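Note that the sequence shown ends on residue 685 in our numbering; no numbers are left out.
Even for Gly, the Cβ is constructed at its ideal location relative to N, Cα and C.
Since the model is a prediction, treat every value here as computed from it, not as a measurement.
Below: the structure, in structure tokens.
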Amino acid sequence: MMMDQKLARRSADTIRVLSAEAIQKAKSGHPGMPMGCADFALTLWYKYLRHNPRNPKWLGRDRFILSAGHGSMLLYSLLHLFDYGLSMDELKQFRQWGSRTPGHPEYNHTPGCDVTTGPLGSGFASGVGMAIANKYFTATTGLDKTGLVDNKIFIISGDGCMMEGTTAEAGSLAGHLKLDNIICFYDDNSITIEGSTDLAFSEEVGARFTAYNWRVIHVENANDIAQCDAALAEAMESDGRPTLIIGKTKIGFGSPNKEGKSSAHGEPLGEDEVVATKKNLGMPEEPFTVLPEVKKFCADRVESLVAEAAEWDIKFQAFLEANPESAKTISSMTNREVPENLLEELLKVAPVDKAVATRASGGTILQRASELVPALVGGAADLSPSTKTDIKNADSFAPENYGGRNLHFGVRELAMGMAGNGMALYETLIPYTSTFFVFSDYMKPAMRLAAIQNLHEIYVFTHDSFYVGEDGPTHEPIEQIAMLRTIPGFTVIRPADANEVAHAWTAALQADGPVAILLTRQNLDPIPPELAKNIDLAKGAYVLSDENDFDMIIIATGSELNLALKVAEKVRAGGTKVRVVSMPSQELFEKQSDEYKESVLPVDCMARVSIEAASTFGWARYVGSFGLAIGIDHFGASAPYAVLADKFGFTVDGVLDKMRAHFMRCECGCGCDCDCEK
Ligand SMILES: Cc1ncc(C[n+]2csc(CCOP(=O)(O)OP(=O)(O)O)c2C)c(N)n1
Ligand SMILES: [Mg+2]
């Protein structure tokens, strides 16, 4: 395809000026990056990116990721020029309340934005997940043989992205997996916030990526459209590896006094400098102007893009008609279908007749879930034999078999989390990822981004408490559960036995955002059959065992539910009436009506105890200032878990001692052997 170089340059200058002007108007933003990358980005969007401005969610589209998310005005200028419906008024509203042009790109907020970015490196690593999803989706549906959905994942990264560890993890994984559908541009401008990259960054990035098994293409001057064009043309021809285009650019290109300086990075150029820039570039003085020739240049291209997409639609429909089995799988995956009778089916396989670890019952239930939900794909960070997350009758995802359903992320938890996000963002999969719960710390930035983007992903975290035992405090999660519970929009489920695990997987698969399922290393007795009929995990908390006119409520989660039942027995033997509440998910409980919540935890019963083998942080919400939260507010230790349970008071006597000590302080009428009048 031909591209008029002069008009392309004019369009790139338009991006520079629009970016500088919007940022100036907002009195906030990052002009340097869009100005420096405009030439590459324009060339990419005009000539190489397959997209459809009339249907931003078009299945056949390539993906564009602005990993250097601070350069958001680059994306917004492109969306404006390519007629995605982002008006000039929206550009004028950059970074303002209610606008479609927030400070950093936001997924599902601005049409045409495929991923939320801002935390440097996260876009790059999410791109690796999108590339995995594309390979898996096309391999399992037969689309890989048609070339219809051989999407490229285009990424723009800066020095910051290249410095971040998540890029190293994800780049290494992508190279290993030979994800030749990734083309990343590295905006090598040698500037970050504090000044020259000489301050903190001297490695040879190209050599590093070559070592990761990437192809590396160097562009001497990526402020030259012809050089960008040549590099992209080369990158489009796969050599079986992901591609990194390292392009030398000048930050703030076009600004007579700020070009090449860190002062162009993160503050408006200044009124006078914006005027000087326009003069320097030969652009009109009138603010927020797109020259008619630029408008036409882009509009003509939009027209041809729309026509190409329409042609694609015809071929795609023909493929669906000729391949009804593939059509079924494609529909199931793109809709991320979950059957209505899922719970019923999962309960059928739940091993409830003996004591089993919930990680083991989780593994059994996952097998069935994978049969019922084609979109479900995932893996672990080198721990699947322990987390039990392999799908048994499936292969490994590998360069020679992209239809393999078991992903091996290697020991790269953060990249796994970010790639999981990318897989969800590709919008044909429900990804799950897995590791020991304590290492969820390494995934936190990815989980936060999953929640911000409301991505449907499942995290299977096993070895969920000090009951890990011998591995000691580094491997025993304490504060992680409180951490997850503080992430807005994130759901945590800690099931108590195989029954609840079946419910947990059902809730996770039916959710519309990120869900973590926390599972034990150690065996747990099943909930007694006569009580199991009360299970109502979807409500987050429910009454498991009850007495009329109860005076006390014991709330427990996961492995502490059985302990709670045993403690309740003792307390009942002492003459106090007790209700036992299973609360596998605080977040699901909070979604219930006030009436339901009151029916489970009536406000007038103040003698409440919670038991959870984790930080007590947050439990005051349910036990109140009068109640008692039993947990573990210090690090664990290395010893057999039964010894730890004894030392840390997670035994019937240990719990009763704490209850006595606590309620003795008050005139509670709780039935403990205190001296209160009741
Ligand atoms: C994880 C993370 N750390 C820090 C920041 C804050 N930050 C935003 S841009 C930036 C410098 C990035 O430099 P570079 O990628 O070279 O961008 P350029 O200055 O060239 O536009 C930093 C530190 C961030 N957005 N994300
Ligand atoms: Mg830089």
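Using the Cα positions of Glu278 and Val223, report the straight-line distance between them to the nearest angstrom.
39 Å
What residues match up with His415 in a beta bridge as DSSP calls it?
Ala387
Any heavy atom of ligand 1 inside 7 Å of the beta-carbon of Met40?
yes
Contact set for Thr174: own chain, Cβ-Cβ below 6 Å, skip 5 residues either direction:
Gly128, Phe131, Cys168
Where does Trp221 land, buried or exposed, given buried means 16+ other C-beta within 10 angstroms?
buried
Measuring only the C-alpha atoms, how far is Met40 from Leu25?
13 Å
Just to confirm, does Ile22 get its C-beta within under 7 Å of one of the non-hydrogen atoms of ligand 2?
no
Starting from the Cα of Ser106, find the closest Cα among Phe655, Tyr83, Met454 and give me that residue.
Tyr83
Please go through the same chain and pick out, in chain order, the residues whose beta-carbon is closer than 6 Å to the beta-carbon of Glu420, but skip the five residues on each side of it.
Ala388, Thr442, Phe446, Tyr449, Met450
How would you write the range of the beta strand (DSSP E) that Ala373 sits in, first residue to last?
A small correction: the amino acid at residue 373 is Leu; Ala does not occupy that position in the sequence shown. Leu373 -> not in any beta strand (DSSP E); alpha helix (DSSP H) instead, spanning 365-379.
For Ala207, count neighbouring C-beta atoms within 10 Å of its own C-beta (all shown protein chains included) and say buried if the count is 16 or more, exposed if not.
exposed
Under 8 Å between C-beta atoms of Ile437 and His415:
no
Could you check the C-alpha separation between Ile485 and Thr493 for me, to the nearest Å?
14 Å
What would DSSP say about Ile437, mapped onto helix, strand or coil?
strand
Reduced DSSP secondary structure (H/G/I, E/B, other) of Val499
strand
Heavy atom of ligand 2 less than 7 Å from the Cβ of Thr435, yes or no?
no
Residues of its chain near Asn264, where Cβ-Cβ distance is below 8 Å and the 5 sequence neighbours each way are ignored:
Glu280, Ala283
Sort Ala146, Pro126, Ala15, Gly92 by Cα distance to Gly411 and report the nearest one.
Ala146
Would you give the residue range spanned by the alpha helix (DSSP H) that Thr305 belongs to?
Before going on, a small fix: residue 305 reads as Cys here, not Thr. Unbroken alpha helix (DSSP H) run through Cys305: 299-329.
How big is the Cα-Cα spacing for Phe655 and Glu378?
41 Å
Return the residue from the list Lys159, Thr204, Arg23 that minimises the CA-CA distance to Leu239.
Lys159
Can you tell me where the alpha helix (DSSP H) with Ala509 in it begins and where it stops?
505-517
On the criterion of 16 or more Cβ atoms from any shown chain inside 10 Å, does Ala271 qualify as buried, or is it exposed?
buried
Is Asp246 near ligand 2, with its Cβ less than 7 Å from a heavy atom?
no
If you measure between the beta carbons of Ser617 and Ile500, is that distance less than 8 Å?
no
So, helix, strand or coil for Ser338, using DSSP?
helix
Provide the residue span of the alpha helix (DSSP H) that contains Tyr83, from first to last.
79-88
Is the beta carbon of Gly429 closer than 8 Å to that of His650?
A small correction: the amino acid at residue 650 is Val; His does not occupy that position in the sequence shown. The answer is no: Cβ separation not under 8 Å.
How about His77: is its Cβ closer than 7 Å to a heavy atom in ligand 1?
yes
Since Ile190 and Phe161 should fall inside the 8 Å C-beta cutoff, what is the C-beta to C-beta distance between them, to a whole number of angstroms?
5 Å
Let's see if you can read the secondary structure: which residues bound the alpha helix (DSSP H) around Met425?
420-432
Among all residues, which have a Cβ less than 7 Å from at least one non-hydrogen atom of ligand 2, and in what chain order do they fall?
Gly165, Asp166, Gly167, Asp194, Asn196, Ser197, Ile198, Thr199, Thr204, Ile258
Please indicate yes or no: does the CB of Glu293 lie closer than 7 Å to some heavy atom of ligand 1?
no
Check whether the Cβ atoms of Ala621 and Val630 sit closer than 8 Å, and answer yes or no.
no
Where does Arg222 fall in DSSP's three states?
strand
Which term fits Gly582, buried or exposed, when burial requires 16 or more other beta carbons within 10 angstroms of its beta carbon?
exposed
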